[in-house]
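*Asks:*
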Amino acid sequence: MIEILTSGVALGVHVPGLLLADRLREKGVPVGVSVVERLLPAQKLATTATMKFAFHRDFRVALAGQKMAGSPADSVDPAAVEALFADWRARGVDRVVVFSGFWLPILAGYDCAIDVCHVDSVASPSFTKTVTDLDVRPVWLADAEAGTIPCSIRVSHEPPIPWADRSPRVFLHGGGWGMGTYRDRIGELLEHGLQLDVIAYEGRDVTAQGVRYFMVDPEWHPWLDNGYPPFGEVGADFTRGVGHHGSFDLTRTALATVSKPGGGTLLDSLWSATPAVLLEPFGAHEQRNADLWCSLGYGIPFDTWRASGFDPDLLRPLHEALLKADVPDYAEELARR
Numbered sequence: 001m002i003e004i005l006t007s008g009v010a011l012g013v014h015v016p017g018l019l020l021a022d023r024l025r026e027k028g029v030p031v032g033v034s035v036v037e038r039l040l041p042a043q044k045l046a047t048t049a050t051m052k053f054a055f056h057r058d059f060r061v062a063l064a065g066q067k068m069a070g071s072p073a074d075s076v077d078p079a080a081v082e083a084l085f086a087d088w089r090a091r092g093v094d095r096v097v098v099f100s101g102f103w104l105p106i107l108a109g110y111d112c113a114i115d116v117c118h119v120d121s122v123a124s125p126s127f128t129k130t131v132t133d134l135d136v137r138p139v140w141l142a143d144a145e146a147g148t149i150p151c152s153i154r155v156s157h158e159p160p161i162p163w164a165d166r167s168p169r170v171f172l173h174g175g176g177w178g179m180g181t182y183r184d185r186i187g188e189l190l191e192h193g194l195q196l197d198v199i200a201y202e203g204r205d206v207t208a209q210g211v212r213y214f215m216v217d218p219e220w221h222p223w224l225d226n227g228y229p230p231f232g233e234v235g236a237d238f239t240r241g242v243g244h245h246g247s248f249d250l251t252r253t254a255l256a257t258v259s260k261p262g263g264g265t266l267l268d269s270l271w272s273a274t275p276a277v278l279l280e281p282f283g284a285h286e287q288r289n290a291d292l293w294c295s296l297g298y299g300i301p302f303d304t305w306r307a308s309g310f311d312p313d314l315l316r317p318l319h320e321a322l323l324k325a326d327v328p329d330y331a332e333e334l335a336r337r
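Numbering (our numbering), first residue to last: 1 to 337.
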């Protein structure tokens with residue numbers, strides 16, 4: 001029995017965990033999902049939800065907060081941890097896949113095999129801030145040091161949409177917490193005649209005319225359930241993705257995504273063969289993500305695309321390079337263990 005261990009502080013960590021769980025279930029592997037924030041007291045959860053909107057509204061606050069943030073493991077309820085371990089023992093959990101380093105201090109109290117799955121191309125803050133002597137097997141979905149994609153988690157079984165059949169739209173977002181400078185780019189992209197899909201994270205984000213806005217239900221948090229984020233166009237009902245997150249359907253139909261270079265963004269880019277136009281990173285680890293994607297020919301900096309006059313023809317070679325990517329399937333390897 002495998003347990004997938006995620007964190008709700010970033011959908012770029014949580015959603016890949018959900019994807020892996022789905023891919024394993026498709027192969028007949030029994031699997032569960034645990035979110036570290038479920039072990040926290042209610043007051044701590046309320047603070048986390050409040051910070052989400054503060055980080056979204058001001059990227060400078062987000063960058064400062066990343067440097068100062070502590071580990072949720074310092075605040076977990078010991079009774080909740082023991083109840084979780086009892087549940088794991090009852091279900092026969094003998095292997096865990098860790099998507100957030102915040103789980104590692106907690107796992108010192110449970111005996112099992114441990115895969116540490118890095119969504120980013122170098123260790124992200126949840127891992128660099130955590131000291132552990134546990135025996136773990138590292139798994140990299142992107143590797144900045146080697147300049148490769150050692151393995152990946154399939155997002156969808158649908159093949160990438162051919163370039164000629166793509167909607168002439170660009171998809172702008174800021175990852176799970178809506179962070180970054182993507183909203184500052186809306187005006188100039190509209191001025192160049194581009195059609196835009198934009199993720200709004202609260203009502204005040206819906207400002208530009210001629211833009212299709214989409215939203216994750218702002219009342220939903222990953223610690224509430226194990227479903228994909230409730231998602232939909234602003235003004236319509238929220239629905240749950242089946243087999244993958246709803247925003248991926250926008251990624252796979254677009255000419256490009258415009259966003260910060262988070263690990264989840266790279267995963268979506270790979271499986272949709274959609275070029276990534278990269279904005280300012282959320283920390284040094286995301287800069288390494290950007291450098292890797294550009295070196296592989298899968299992405300370009302926003303300023304490079306701007307210098308071309310936002311020429312769509314500059315994106316096509318990136319799409320074609322992504323189509324040629326041949327990456328081992330982590331779920332398939334894990335299912336054989």
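Where a beta carbon is used, it is the ideal one built from N, C-alpha and C, also for glycine.
All values reported here derive from a predicted model rather than from experimental measurement.
Return the chain-ordered list of same chain residues with a C-beta closer than 6 Å to the C-beta of F214, the five sequence neighbours on each side being excluded.
*Replies:* The sequence position of residue 214 within the sequence shown is 214, counting from 1. Correct list, in chain order: I199 and E233.
*Asks:* Just verifying my parser: in three-state terms, what is the DSSP assignment at T257?
*Replies:* As a position in the sequence shown, residue 257 is number 257, starting the count at 1. Looking at T257 - three-state DSSP - the assignment turns out to be strand.
*Asks:* From R336 to V31, what distance separates their C-alpha atoms?
*Replies:* Position 336 of the sequence shown, counted from the first residue, corresponds to residue 336. Position 31 of the sequence shown, counted from the first residue, corresponds to residue 31. For R336 and V31, the distance between alpha carbons rounds to 14 Å.
*Asks:* With respect to the beta strand (DSSP E) encompassing Q195, which residues constitute its N-terminal and C-terminal limits?
*Replies:* In the sequence shown, counting from the first residue as 1, residue 195 sits at position 195. Looking at the DSSP string, the run of the beta strand (DSSP E) that includes Q195 is Q195 to A200.
*Asks:* Around the C-beta of V206, are 16 or more other C-beta atoms found within 10 angstroms, so that it is buried, or is it exposed?
*Replies:* Here residue 206 is taken as the residue at index 206 of the sequence shown, counted from 1. Exposed, since its Cβ has fewer than 16 Cβ neighbours within 10 Å.
*Asks:* Is the segment 2–22 touching the segment 259–275 in the sense that three or more CB pairs, one from each, lie closer than 8 Å?
*Replies:* yes
*Asks:* Rounded to the nearest angstrom, how far is the Cβ of D165 from that of R137, given a contact under 8 Å?
*Replies:* Start at 1 with the first residue of the sequence shown, and residue 165 comes out as number 165. Start at 1 with the first residue of the sequence shown, and residue 137 comes out as number 137. Not a contact, Cβ separation roughly 40 Å.
*Asks:* What's the call for E191, buried or exposed, on a 16-neighbour Cβ count within 10 Å?
*Replies:* Looking up residue 191 in the sequence shown gives position 191. That one is exposed.
*Asks:* Compare the Cα-Cα distances from G235 to each of V29, D133 and V216 and report the closest residue.
*Replies:* The residue labelled residue 235 in the question sits at position 235 within the sequence shown. Nearest of V29, D133 and V216 to G235, Cα basis: V216.
*Asks:* Using the Cβ count rule (16 or more neighbours within 10 Å means buried), how would you classify T239?
*Replies:* As a position in the sequence shown, residue 239 is number 239, starting the count at 1. The residue is exposed, with fewer than 16 neighbouring Cβ atoms inside 10 Å.
*Asks:* My output table needs one value for C294: the three-state DSSP class, helix, strand or coil.
*Replies:* Counting from 1 along the sequence shown, the entry for residue 294 is found at position 294. Of the three classes helix, strand and coil, the one that applies to C294 here is helix, per DSSP.
*Asks:* At what residues does the alpha helix (DSSP H) containing E99 begin and finish?
*Replies:* Your numbering for residue 99 matches position 99 in the sequence shown. It should be pointed out that residue 99 corresponds to Phe in this sequence rather than to Glu. Boundaries for F99: no alpha helix (DSSP H) harbours it, and the DSSP string shows neither H nor E there.
*Asks:* Taking a contact to mean a Cβ-Cβ separation below 8 Å, would you say G101 touches S121 in this structure?
*Replies:* As a first step, residue 101 is located in the sequence shown; it is residue number 101 there, counting from the start. As a first step, residue 121 is located in the sequence shown; it is residue number 121 there, counting from the start. No, the Cβ-Cβ distance between G101 and S121 is not below 8 Å.
*Asks:* Assign V61 to one of three DSSP states: helix, strand, or coil.
*Replies:* For this step, residue 61 is matched to residue 61 along the sequence shown. Here the model assigns V61 a pLDDT of 42, short of 50, so the residue's position is not dependable, and the following value carries that caveat. Helix at V61.
*Asks:* Per DSSP, what kind of secondary structure is L5 in: helix, strand or coil?
*Replies:* Residue 5 sits at position 5 when you count from the first residue of the sequence shown. Looking at L5 - three-state DSSP - the assignment turns out to be strand.
*Asks:* Using 8 Å as the threshold, is the C-beta distance between H245 and V96 below it?
*Replies:* Locating residue 245 in the sequence shown gives position 245, where the first residue counts as 1. Locating residue 96 in the sequence shown gives position 96, where the first residue counts as 1. No, these two residues do not count as a Cβ contact at 8 Å.
*Asks:* Run through the DSSP bridge pairs and tell me what W140 is partnered with.
*Replies:* Against the sequence shown, residue 140 aligns to sequence position 140. Partner(s): H118.
*Asks:* With L18 and N226 assumed to form a contact (beta carbons below 8 Å), what rounded beta-carbon distance in angstroms separates them?
*Replies:* Indexing the sequence shown from 1 puts residue 18 at position 18. Indexing the sequence shown from 1 puts residue 226 at position 226. Right, their Cβ atoms sit about 7 Å apart.
*Asks:* What did DSSP end up calling D94 once you bin it into helix, strand or coil?
*Replies:* The residue given as residue 94 occupies position 94 in the sequence shown. Coil at D94, not helix or strand.
*Asks:* Can the beta-carbon of L134 be found closer than 8 Å to that of A108?
*Replies:* In the sequence shown, residue 134 corresponds to position 134, counting from 1. In the sequence shown, residue 108 corresponds to position 108, counting from 1. Result yes, Cβ atoms of L134 and A108 sit closer than 8 Å.
*Asks:* DSSP puts T148 in a beta bridge; with which residues?
*Replies:* The residue you call residue 148 lines up with position 148 of the sequence shown. For T148, which the question treats as bridged, DSSP gives the partners D143.
*Asks:* Can you name the residues that DSSP bridges to G232?
*Replies:* For the purposes of this step, residue 232 is identified with residue 232 of the sequence shown, where counting begins at 1. DSSP lists M215 as partners of G232.
*Asks:* Just checking H192 against the ligand NAD - is the residue's beta carbon closer than 7 Å to any of the ligand's heavy atoms?
*Replies:* Among the ligands in the structure shown, none appear at all, so the ligand NAD cannot be discussed.
*Asks:* Considering only the beta carbon of each residue, do W293 and V155 sit closer than 8 Å?
*Replies:* In the sequence shown, the residue the question calls residue 293 occupies position 293. In the sequence shown, the residue the question calls residue 155 occupies position 155. No, the pair does not count as a contact, with Cβ atoms beyond the cut-off.
*Asks:* Which stretch, first to last residue, makes up the beta strand (DSSP E) that contains L279?
*Replies:* On the sequence shown, residue 279 is found 279 positions in, with the first residue counted as 1. L279 -> no beta strand (DSSP E), and no H or E assigned at all.
*Asks:* Measure the alpha-carbon distance for R316 versus G283 and round it to whole angstroms.
*Replies:* Numbered from its first residue, the sequence shown carries residue 316 at position 316. Numbered from its first residue, the sequence shown carries residue 283 at position 283. If I take the Cα positions, the gap works out to 28 Å.
*Asks:* Rounded to whole angstroms, how far is the Cβ of L24 from the Cβ of L267, which I believe are closer than 8 Å?
*Replies:* For the purposes of this step, residue 24 is identified with residue 24 of the sequence shown, where counting begins at 1. For the purposes of this step, residue 267 is identified with residue 267 of the sequence shown, where counting begins at 1. Not quite, the Cβ-Cβ distance comes to about 16 Å (not below 8 Å), so this is no contact.
*Asks:* Do you know whose CA, among V327, L323 and E37, lies nearest P160's CA?
*Replies:* Taking the first residue of the sequence shown as 1, we reach residue 160 at position 160. Ranking the options by Cα distance to P160, first place goes to L323.
*Asks:* Which residue from C117, L172 and S167 puts its Cα closest to that of S152?
*Replies:* Residue 152 sits at position 152 when you count from the first residue of the sequence shown. Looking only at C117, L172 and S167, the smallest Cα-Cα distance to S152 is reached by C117.
*Asks:* Indicate the three-state DSSP secondary structure (helix, strand or coil) for S272 in the structure shown.
*Replies:* Here residue 272 corresponds to residue number 272 of the sequence shown, with the count starting at 1. Three-state DSSP puts S272 in a helix.
*Asks:* How long is the line joining the alpha carbons of E320 and A273, rounded to whole angstroms?
*Replies:* Sequence index remark: in the sequence shown, residue 320 carries index 320 (1-based). Sequence index remark: in the sequence shown, residue 273 carries index 273 (1-based). Their backbone Cα atoms lie some 8 Å apart in a straight line.
*Asks:* Rank A254, D291 and Y330 by C-alpha distance to the C-alpha of A146 and give the top, closest one.
*Replies:* As a working note, residue 146 is residue 146 in the sequence shown. With distances taken between Cα atoms, A146 lies closest to D291.
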